[in-house]
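Its first residue numbered 63, the sequence shown is counted upward by one per residue in the numbering used here.
Take a look at the structure below.
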Amino acid sequence: MTDDDRPLRVAVVGGGCAALSAAFELTQPEQQGRYEVTVYQVGWRLGGKGASGRGPAGRIEEHGLHVWMGFYENAFRLMRACYGALGRDRARVPLADWRDAFVPAPLIAVTERGPGDGWLPWMAALPPAEGLPGDPLPPGARPWSMLGYVRRMAGLLQAVFASLDSGREPAAASAPAPDAMLAQLTRWLRFGELATLAGLSQAAGVLDGMLGASPRLTDGLVSSFVDALAANARAQLEARAGDDPELRRLWTVVDLTLATMRGIVAFGLLTDARGLDAIDQYDCREWLLLNGASRTAVDSAYMRGLYDLGFSYEDGDPARPRIAAGQALRGLLRMMFTYRGAFFWKMQAGMGDVVFSPLYEVLRARGVRFRFFHRLEQVRLAERLLPGDTPHVAALEFDLQAQVARDRYEPLVDVRGLPCWPAGPDWAQLVDGELLRSEGRCFESHWDRRRVATTTLRVGHDFDFVVLGTGIGEIPRVAHELVARDARWRAMVDHVRTVATQAFQVWLAPDMAALGWPHPNVTLSGFVEPFDTWADMTHLVPLEAWPAPPGSIGYFCSVLPELAGVASTDPAYPLRQRERVHENALAFLRRDVRHLWPAAIGSDGEFRWDLLVVPPGTSVPPTAERFASQFWTANVNPSDRYTLTLPGSSAYRISPLDTTWDNFTVCGDWTDCGFNAGCVEAAVMSGRLAAHAISRLPALEDIVGFDHP
Numbered sequence: 063m064t065d066d067d068r069p070l071r072v073a074v075v076g077g078g079c080a081a082l083s084a085a086f087e088l089t090q091p092e093q094q095g096r097y098e099v100t101v102y103q104v105g106w107r108l109g110g111k112g113a114s115g116r117g118p119a120g121r122i123e124e125h126g127l128h129v130w131m132g133f134y135e136n137a138f139r140l141m142r143a144c145y146g147a148l149g150r151d152r153a154r155v156p157l158a159d160w161r162d163a164f165v166p167a168p169l170i171a172v173t174e175r176g177p178g179d180g181w182l183p184w185m186a187a188l189p190p191a192e193g194l195p196g197d198p199l200p201p202g203a204r205p206w207s208m209l210g211y212v213r214r215m216a217g218l219l220q221a222v223f224a225s226l227d228s229g230r231e232p233a234a235a236s237a238p239a240p241d242a243m244l245a246q247l248t249r250w251l252r253f254g255e256l257a258t259l260a261g262l263s264q265a266a267g268v269l270d271g272m273l274g275a276s277p278r279l280t281d282g283l284v285s286s287f288v289d290a291l292a293a294n295a296r297a298q299l300e301a302r303a304g305d306d307p308e309l310r311r312l313w314t315v316v317d318l319t320l321a322t323m324r325g326i327v328a329f330g331l332l333t334d335a336r337g338l339d340a341i342d343q344y345d346c347r348e349w350l351l352l353n354g355a356s357r358t359a360v361d362s363a364y365m366r367g368l369y370d371l372g373f374s375y376e377d378g379d380p381a382r383p384r385i386a387a388g389q390a391l392r393g394l395l396r397m398m399f400t401y402r403g404a405f406f407w408k409m410q411a412g413m414g415d416v417v418f419s420p421l422y423e424v425l426r427a428r429g430v431r432f433r434f435f436h437r438l439e440q441v442r443l444a445e446r447l448l449p450g451d452t453p454h455v456a457a458l459e460f461d462l463q464a465q466v467a468r469d470r471y472e473p474l475v476d477v478r479g480l481p482c483w484p485a486g487p488d489w490a491q492l493v494d495g496e497l498l499r500s501e502g503r504c505f506e507s508h509w510d511r512r513r514v515a516t517t518t519l520r521v522g523h524d525f526d527f528v529v530l531g532t533g534i535g536e537i538p539r540v541a542h543e544l545v546a547r548d549a550r551w552r553a554m555v556d557h558v559r560t561v562a563t564q565a566f567q568v569w570l571a572p573d574m575a576a577l578g579w580p581h582p583n584v585t586l587s588g589f590v591e592p593f594d595t596w597a598d599m600t601h602l603v604p605l606e607a608w609p610a611p612p613g614s615i616g617y618f619c620s621v622l623p624e625l626a627g628v629a630s631t632d633p634a635y636p637l638r639q640r641e642r643v644h645e646n647a648l649a650f651l652r653r654d655v656r657h658l659w660p661a662a663i664g665s666d667g668e669f670r671w672d673l674l675v676v677p678p679g680t681s682v683p684p685t686a687e688r689f690a691s692q693f694w695t696a697n698v699n700p701s702d703r704y705t706l707t708l709p710g711s712s713a714y715r716i717s718p719l720d721t722t723w724d725n726f727t728v729c730g731d732w733t734d735c736g737f738n739a740g741c742v743e744a745a746v747m748s749g750r751l752a753a754h755a756i757s758r759l760p761a762l763e764d765i766v767g768f769d770h771p
């Protein structure tokens with residue numbers, strides 16, 4: 063509390079995962095009411111890049127495909143705490159608990175070229191792992207240590223080699239005394255006793271046991287041993303893998319795993335305090351090639367899937383895959399070795415319904431105020447400092463996009479008993495709402511600068527602290543004083559780049575089996591451009607409001623290349639990009655979807671447009687015109703663009719813990735948060751760090767994975 067015993071006022075700008083995580087932490091019961099939080103949000107809904115809305119027939123319309131991963135420890139902790147505080151009545155609300163809202167989805171797939179122009183799915187159902195994401199970690203557990211990763215990789219190799227050796231179960235790794243380990247390694251290397259699959263399996267097991275018993279034995283001998291293991295595995299598997307798709311896929315995993323192990327040892331990452339950050343100047347595929355991976359492995363569907371899931375293409379160009387090696391491997395290792403429960407978890411409604419409606423309801427119950435239709439125009443820094451003052455934010459300038467007719471705007475609508483965000487504003491709650499509607503006001507468009515008023519918040523009067531949670535694409539506009547004064551901010555906006563994305567959704571009358579997809583519900587990546595990622599989202603049908611429910615739903619997404627010849631400042635830019643997505647989607651359905659849904663193609667070779675389910679009251683002929691009744695989006699707003707982790711760029715990120723400006727912190731997946739990637743987990747970690755910067759809560763050791771390395 064301040065001297066006059068009032069709560070400290072915190073202005074949170076933005077309504078995405080990072081900003082709302084900060085608001086959630088600042089209003090936790092252990093804060094004892096020390097902070098009075100107000101959230102300022104452009105437009106009518108929360109969510110940022112994760113926003114969704116309910117359109118015709120209550121259908122869910124997303125910015126893209128959102129699937130949570132089983133290693134999202136901080137994000138799941140947030141949602142478990144949120145649903146616990148929400149206390150929904152299961153008899154009244156369909157998603158009452160977090161386990162209702164998130165369901166395991168263990169099946170994953172990538173695709174690779176098959177005979178002719180065909181594509182073959184490479185599918186795996188990953189086994190459930192012990193525990194659930196967000197469970198408390200055992201005391202002293204450090205599943206993200208470099209040594210832990212290497213041991214898990216050794217265990218994976220042991221299991222793969224044993225499975226190839228006539229289905230033999232891997233033997234338990236022994237851990238002899240250090241002298242005996244050295245003797246055994248030396249004998250294997252000298253006499254070539256790795257010439258069988260059984261020998262490879264045994265060697266991998268002993269390597270695991272050796273590292274567990276004496277991790278200091280990470281010198282040239284171990285490096286030579288890993289090299290020998292790789293050479294012998296290549297000699298035994300690579301040649302015969304060419305004619306066997308399943309063996310070839312296993313060899314790809316082995317090849318990449320061995321290259322990663324070799325690189326960790328060769329680059330000294332087991333002892334380098336920077337951990338994986340020490341190799342962030344390399345592109346991931348470049349680093350793997352440096353450490354002995356084959357060109358076939360780094361160009362495989364497995365690696366394309368990794369790049370696709372992170373939209374990791376500079377300027378949205380599929381010919382320019384680039385992601386920092388350290389962060390890429392950190393993500394891959396956590397995905398493979400630290401997930402709990404299931405590898406993927408699918409939300410059982412839109413992300414707005416599952417994540418942002420519950421957060422909104424809990425925060426409002428805690429007294430957080432929400433100011434919708436507030437577009438930040440400028441962060442003003444103090445011009446003159448009094449003696450003893452530190453640099454700080456003096457004011458926040460906003461444009462008011464609309465005036466709310468009531469005391470506060472009520473944003474949610476009910477769809478099948480679930481509080482949801484609508485796909486558009488409730489014009490009846492706005493002053494002159496019908497006039498604003500007739501003028502075509504687009505509150506969420508960066509290019510629609512219309513306003514009805516302005517307002518300025520001042521330090522000491524309206525706020526004490528600021529949490530800036532806008533996307534990095536907005537920073538040059540709303541924080542140009544920061545960029546002008548601070549060379550680090552200039553470097554950050556120059557080096558931390560973003561990419562536009564595209565997505566479309568279709569609702570179809572037949573189920574997936576009738577469309578020709580013979581496999582269970584799946585999330586698939588590594589497919590053909592312009593839409594390389596697809597998910598079967600049919601499980602959402604019961605929570606939409608169709609009078610005659612569709613049989614299936616498909617979501618597709620990918621990067622969206624930059625538009626040549628039209629500047630992003632041109633008001634025509636967003637419309638042109640949206641037209642491109644429309645054209646891309648039509649071409650994809652005509653040319654490429656046959657590889658997934660062969661029965662969706664008619665005898666004339668054209669997509670069967672009559673399969674598309676149109677909203678009630680819509681009359682559209684069964685031609686390509688019917689696609690106009692579906693949903694597609696070009697995510698080109700500066701705040702909607704996906705944050706890339708290009709090689710070398712993480713060094714330029716600003717941390718939420720930065721203390722340069724006394725009353726100001728930032729949050730977002732573009733900050734230096736310990737997991738520098740564009741995902742929910744990074745955003746939540748960043749929001750928790752921003753709350754810690756203000757209140758010292760949560761404790762840094764409670765931000766899971768932040769201590770990496």
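By construction, the Cβ of each residue, glycine as well, lies at the ideal position given by its N, Cα and C atoms.
For Gly749, there is no enclosing beta strand (DSSP E); the residue is found in the alpha helix (DSSP H) stretching over Val742 to Ser757.
Taking a contact to require three or more Cβ pairs closer than 8 Å, the segment 721–731 and the segment 363–371 do not qualify as touching. Distance between Ser620 and Phe593, taken at the CA atoms: about 5 Å. Contact annotation: the segment 378–389 touches the segment 339–352, with at least three C-beta pairs closer than 8 Å.
Within a 10 Å sphere around the beta-carbon of Val493 sit fewer than 16 other beta-carbons, which makes this residue exposed. With a cutoff of 9 Å on beta-carbon distance, Thr680 and Ser691 are scored as near each other.
CA-CA distance, Glu135 to Asp197, rounds to 8 Å. Taking C-beta atoms as the reference points, Val584 and Asp573 fail to come closer than 9 Å. Contact fails between the segment 81–101 and the segment 575–583, because fewer than three Cβ pairs, one in each stretch, are under 8 Å apart. The C-beta separation of Gly115 from Ala485 comes to about 3 Å, placing the pair in contact by the 8 Å criterion. The beta carbon of Leu269 is closer than 6 Å to those of Ala216 in its chain, skipping five residues each way along the sequence. If you draw a straight line from the Cα of Leu708 to the Cα of Asp672, it is about 43 Å long.
Taking one beta carbon from each stretch, the segment 421–429 and the segment 179–190 have fewer than 3 pairs nearer than 8 Å; the two do not touch. Around the beta carbon of Ala292, a 10 Å sphere encloses 16 or more other beta carbons of the protein chains shown; the residue is thus reported as buried. Annotation: Arg336 to Trp206 spans about 13 Å, alpha carbon to alpha carbon. By the Cβ criterion, the segment 550–566 is not in contact with the segment 146–159, since fewer than three pairs of Cβ atoms, one from each stretch, lie closer than 8 Å. For the set His644, Arg715 and Met323, the Cα lying nearest the Cα of Glu687 is the one of His644. Assignment of Thr680 by DSSP, reduced to helix, strand and coil, places it in the coil class.
Beta-bridge partners assigned by DSSP to Asp461: Arg437 and Thr516. Residue pairing for Val493: DSSP places it in no beta bridge. Non-local C-beta neighbours of Gly749 in its own chain, meaning closer than 6 Å and more than five positions away in sequence, comprise Ala80, Ser83, Ala84 and Cys729, ordered along the chain.
Residue pairing of Gly616 in beta bridges, as defined by DSSP: Val568 and Asp598. Apart from the 5 residues on each side of it in sequence, Thr319 sits with its Cβ closer than 8 Å to the Cβ of Met215, Leu218 and Leu219 in its chain, given in chain order.
Secondary structure in the segment 524–584: the alpha helix (DSSP H) runs of 4 residues or longer, each lying completely within the stretch, are 537–540, 542–547, 549–557 and 574–577 in chain order.
A contact is defined here as three or more CB-CB pairs under 8 Å, and the segment 133–152 meets this definition with respect to the segment 397–404. In the structure shown, Asp345 falls within a strand segment according to DSSP collapsed to helix, strand and coil. The segment 94–105 makes contact with the segment 66–80; the number of CB pairs closer than 8 Å reaches 3 or more.
For Thr722, the closest alpha carbon among the candidates Ala147, Leu544, His125 and Arg468 is that of Leu544. Taking all protein chains in view, the Cβ of Ala467 is surrounded by fewer than 16 other Cβ atoms within 10 Å, so the residue is classified as exposed.
Contact annotation: the segment 615–634 does not touch the segment 537–556, with fewer than three C-beta pairs closer than 8 Å. The Cβ-Cβ distance between Leu169 and Phe406 falls below 9 Å. Distance between Arg150 and Asp159, taken at the CA atoms: about 7 Å.
Taking Leu570 as the centre and dropping the five residues before and after it, the same chain places the C-beta of Leu577, Pro612, Gly613, Ser614, Ile615, Gly616, Ala662, Leu673, Leu674 and Val675 closer than 8 Å to its C-beta, in chain order. One thing to note: Asp461 has its Cβ no nearer than 9 Å to the Cβ of Arg499.
In this structure the segment 510–529 does not lie against the segment 324–343, because fewer than three pairs of beta carbons, one per stretch, are closer than 8 Å.
Ranked by Cα distance from Gly393, the first of Cys482, Arg433, Val766 and Asn738 is Asn738.
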